[in-house]
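Chemist: Quick note on our numbering: the sequence shown kicks off at 5 and runs consecutively. No residue lacks a Cβ here, since even glycine has one placed at the ideal position from N, Cα and C.
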Amino acid sequence: MNRFPRLVLLLVLCCAYGIRAAEVVDDVDDDTVIRKRPLEIEIPKEAPEKKPEVKKTPPPPAPAAPAKAAKVEKALIDLLALKAPEAEFNAEIRAIAKMLMERKFTKDEHDDLLLAVTRNVDRSAKAFGALLDPRANLDAKLRLGALEGLRLAYTGSAGGFLGASALSEPNPDVRRAVIQLIKDRNDRVAMKYLFKALLNSVENGESTAVTNSALNTAAIAALHDLGDKQVYEVLLFLERVAMANGITGTPYLDGIKIDPPNTDLQCITPNAEVGMMQYTQTFPGLSALKAISGENFGHDLKKWADWIDKQPAYRK
């Protein structure tokens, strides 16, 4: 018999036996009832890979609203009660000026300070104004704080302090802030103070043009920075008078009237002397007008008048 058919037969029998082995007979015993079905082999499932636990950082706590400083509370009590002795009151104003300098307050505290100083505005303005004196208060930053205090406690009396500060303040930052506040408030009290200082720096008779050079220099510098149109108008008027050979007192020049400008500034010198010849004038006129305006039209008064007409109320 050929060997090949035997191998085929053997292969067929093996396959049949393998298929039969994959099936299980019913009712093997009482405890196990298995119907014919393919043999199932349970493959253990792999445990899911654990992700590393990420610790969540708790958010930072919200900043607590700053409590009002004890100084503010005490200052408010004293200011509103109007009972603080002078020394204690000034000390509290100094503490408030320091806070205003450092801006260490909340909006509500700022509103409370505004209410406090305006309830006793004249006393507060006087105390803040005293802190502007660089001889009594050497701290330039504190002087800036006092200036902010004057913005809160602003009255007519503040003008005198601002005018004096514009003349004597050595710190350029503080001085600029003073000049700006005068402009912002259109403070005519400060302007009168400064213009009077200019007049007081010049002749008290007819022998000397300038009797106080330091005051004259300071007044001209402050008036230059302010650039007040009324100052130009008054100085032009005084120059017109000076050009009329030696007339005293009245605005009439040998029957010719020179009308003074419509201004709130003083239009005469301290002793009512209006001057001598134009080249020996003894009160502020053309020379001061040149220095304060920064312009020079010589003795062409019409050009001066045309230029002044075009100027704003204050230098920008």
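Ordered along the chain, which non-local residues of its own chain (more than five positions away) have a Cβ less than 6 Å from that of His114?
Modeler: To locate residue 114, count along the sequence shown from 1; it is residue 110. Around His114: no qualifying Cβ.
Chemist: At the level of alpha carbons, what is the spacing between Ala226 and Ala292?
Modeler: Residue numbering aside, residue 226 sits at position 222 when the sequence shown is read from its first letter. Residue numbering aside, residue 292 sits at position 288 when the sequence shown is read from its first letter. Cα to Cα, Ala226 sits roughly 12 Å from Ala292.
Chemist: How should Gly259 be labelled, buried or exposed, when 16 other C-beta atoms within 10 angstroms of its C-beta is the threshold for buried?
Modeler: Walking along the sequence shown from the start, residue 259 turns up at place 255. Note that Gly259 scores 48 on pLDDT, short of 50, meaning its location in the model is unreliable; the coordinates nonetheless yield the value given after this. So Gly259 counts as exposed.
Chemist: Measure how close the beta-carbons of Leu240 and Leu305 come, nearest whole angstrom, since I'm counting them as under 8 Å.
Modeler: Translated into positions along the sequence shown, residue 240 becomes position 236. Translated into positions along the sequence shown, residue 305 becomes position 301. Right, the Cβ-Cβ distance comes to about 7 Å (below 8 Å), so this counts as a contact.
Chemist: I need the straight-line Cα distance from Tyr318 to Lys200, nearest angstrom please.
Modeler: Translated into positions along the sequence shown, residue 318 becomes position 314. Translated into positions along the sequence shown, residue 200 becomes position 196. Going from the Cα of Tyr318 to the Cα of Lys200 covers about 18 Å.
Chemist: Please tell me whether Ala131 and Asn175 are closer than 7 Å, where the distance is taken between their beta carbons.
Modeler: The residue given as residue 131 occupies position 127 in the sequence shown. The residue given as residue 175 occupies position 171 in the sequence shown. No, these two residues do not count as a Cβ contact at 7 Å.
Chemist: Buried or exposed for Glu243, please, with buried defined as at least 16 other CB atoms from any protein chain shown within 10 angstroms of its CB.
Modeler: Numbered from 1 along the sequence shown, position 239 holds the residue referred to as residue 243. With 16 or more other Cβ atoms within 10 Å, it is buried.
Chemist: Whose C-beta lies closer than 8 Å to the C-beta of Asp177 among residues of the same chain, with five residues either side of it excluded?
Modeler: For the purposes of this step, residue 177 is taken as the residue at position 173 of the sequence shown. Closer than 8 Å at the Cβ level, and outside the excluded window around Asp177, lie Ala144, Leu148.
Chemist: For Ala295, I'd like the list of residues in its chain whose CB is within less than 8 Å of its CB, leaving aside the five on either flank, ordered along the chain.
Modeler: Within the sequence shown, the letter at position 291 stands for residue 295. Within the same chain, Ala295 has close Cβ partners Ile224, His228.
Chemist: Run the CB neighbour count on Phe165, radius 10 Å, all protein chains shown included, and call it buried at 16 or more, exposed below.
Modeler: The residue labelled residue 165 in the question sits at position 161 within the sequence shown. It counts as buried.
Chemist: So, for Ala101: in the same chain, excluding its five sequence neighbours on each side, which residues have a beta-carbon less than 7 Å away from its beta-carbon?
Modeler: Here residue 101 corresponds to residue number 97 of the sequence shown, with the count starting at 1. Contacts found: Phe132, Leu135, Leu146, Gly149, Ala150, Gly153.
Chemist: Would you tell me roughly how many angstroms separate the C-alpha atoms of Glu90 and Arg98, rounded to the nearest one?
Modeler: Taking the first residue of the sequence shown as position 1, residue 90 is located at position 86. Taking the first residue of the sequence shown as position 1, residue 98 is located at position 94. Rounded to the nearest angstrom, the two C-alpha atoms are 12 Å apart.
Chemist: Under three-state DSSP, which class holds Met195?
Modeler: Walking along the sequence shown from the start, residue 195 turns up at place 191. Looking at Met195 - three-state DSSP - the assignment turns out to be helix.
Chemist: Within its chain, find whatever has a CB closer than 7 Å to the CB of Ser169; leave out the 5 residues flanking it on each side and keep chain order.
Modeler: Locating residue 169 in the sequence shown gives position 165, where the first residue counts as 1. Leu136, Val182.
Chemist: Apart from the five residues on each side of it in sequence, which residues of its chain come closer than 6 Å, Cβ to Cβ, to Met103?
Modeler: Residue 103 sits at position 99 when you count from the first residue of the sequence shown. Within the same chain, Met103 has close Cβ partners Phe109.
Chemist: Taking the alpha helix (DSSP H) that His303 falls in, what are its first and last residues?
Modeler: Taking the first residue of the sequence shown as 1, we reach residue 303 at position 299. It is not in any alpha helix (DSSP H) - His303 carries neither H nor E in the DSSP assignment.
Chemist: How big is the Cα-Cα spacing for Gln184 and Asn190?
Modeler: Position 180 of the sequence shown, counting from 1, holds the residue named residue 184. Position 186 of the sequence shown, counting from 1, holds the residue named residue 190. Answer to the nearest angstrom: the Cα atoms are 10 Å apart.
Chemist: With DSSP collapsed to three states, give me the class of Thr110.
Modeler: Against the sequence shown, residue 110 aligns to sequence position 106. Reduced to three states, the DSSP call for Thr110 is coil.
Chemist: In whole angstroms, what is the alpha-carbon distance linking Arg179 and Lys187?
Modeler: Counting from 1 along the sequence shown, the entry for residue 179 is found at position 175. Counting from 1 along the sequence shown, the entry for residue 187 is found at position 183. Looking at the two C-alpha atoms, the distance is approximately 13 Å.
Chemist: Could you give the DSSP three-state label for Tyr158: helix, strand or coil?
Modeler: Residue 158 sits at position 154 when you count from the first residue of the sequence shown. In this structure, Tyr158 counts as coil in the three-state DSSP scheme.
Chemist: With 16 other CB atoms within 10 Å as the buried threshold, where does Ala140 fall?
Modeler: Along the sequence shown, read from residue 1 onward, the residue named residue 140 stands at position 136. It is exposed - the Cβ of Ala140 has fewer than 16 other Cβ atoms within 10 Å.
Chemist: Taking the C-alpha atoms as reference points, what is the distance between Glu299 and Glu92?
Modeler: The residue given as residue 299 occupies position 295 in the sequence shown. The residue given as residue 92 occupies position 88 in the sequence shown. Computed Cα separation, rounded: 50 Å.
Chemist: In the DSSP assignment, find the alpha helix (DSSP H) that holds Gln315 and state where it starts and stops.
Modeler: Along the sequence shown, one-based indexing puts residue 315 at 311. Looking at the DSSP string, Gln315 is not in any alpha helix (DSSP H), and its letter there is neither H nor E.
Chemist: By alpha-carbon positions, which one of Pro316, Pro265, Glu237, Ala157 ends up nearest to Val125?
Modeler: The residue given as residue 125 occupies position 121 in the sequence shown. Looking at the Cα atoms, Ala157 is the closest of the given residues.
Chemist: In angstroms with no decimal places, state the Cα-to-Cα distance between Gln315 and Thr221.
Modeler: Against the sequence shown, residue 315 aligns to sequence position 311. Against the sequence shown, residue 221 aligns to sequence position 217. Distance between the alpha carbons of Gln315 and Thr221 is about 23 Å.
Chemist: Which of helix, strand or coil does DSSP assign to Ala225?
Modeler: Taking the first residue of the sequence shown as position 1, residue 225 is located at position 221. Note: Ala225 maps to helix in three-state DSSP.
Chemist: Rounding to the nearest angstrom, what Cα-Cα distance links Gln270 and Lys307 in this structure?
Modeler: On the sequence shown, position 266 is the one that residue 270 refers to. On the sequence shown, position 303 is the one that residue 307 refers to. Cα to Cα, Gln270 sits roughly 23 Å from Lys307.
Chemist: Could you tell me whether the Cβ atoms of Val206 and Pro288 are closer together than 7 Å?
Modeler: One-based indexing of the sequence shown puts residue 206 at position 202. One-based indexing of the sequence shown puts residue 288 at position 284. It is a contact, given that the beta carbons lie within the stated cut-off.
Chemist: Could you tell me the distance, in whole angstroms, from the CA atom of Lys196 to the CA atom of Val121?
Modeler: Numbered from its first residue, the sequence shown carries residue 196 at position 192. Numbered from its first residue, the sequence shown carries residue 121 at position 117. Computed Cα separation, rounded: 26 Å.
Chemist: Short check: CB of Gly231 to CB of Leu198, under 7 Å?
Modeler: Taking the first residue of the sequence shown as position 1, residue 231 is located at position 227. Taking the first residue of the sequence shown as position 1, residue 198 is located at position 194. No, they are not a contact pair.
Chemist: Please classify Leu117 as buried or exposed, where buried requires at least 16 other C-beta atoms within 10 Å of its C-beta.
Modeler: Taking the first residue of the sequence shown as position 1, residue 117 is located at position 113. With 16 or more Cβ atoms within 10 Å of its Cβ, Leu117 is classed as buried.
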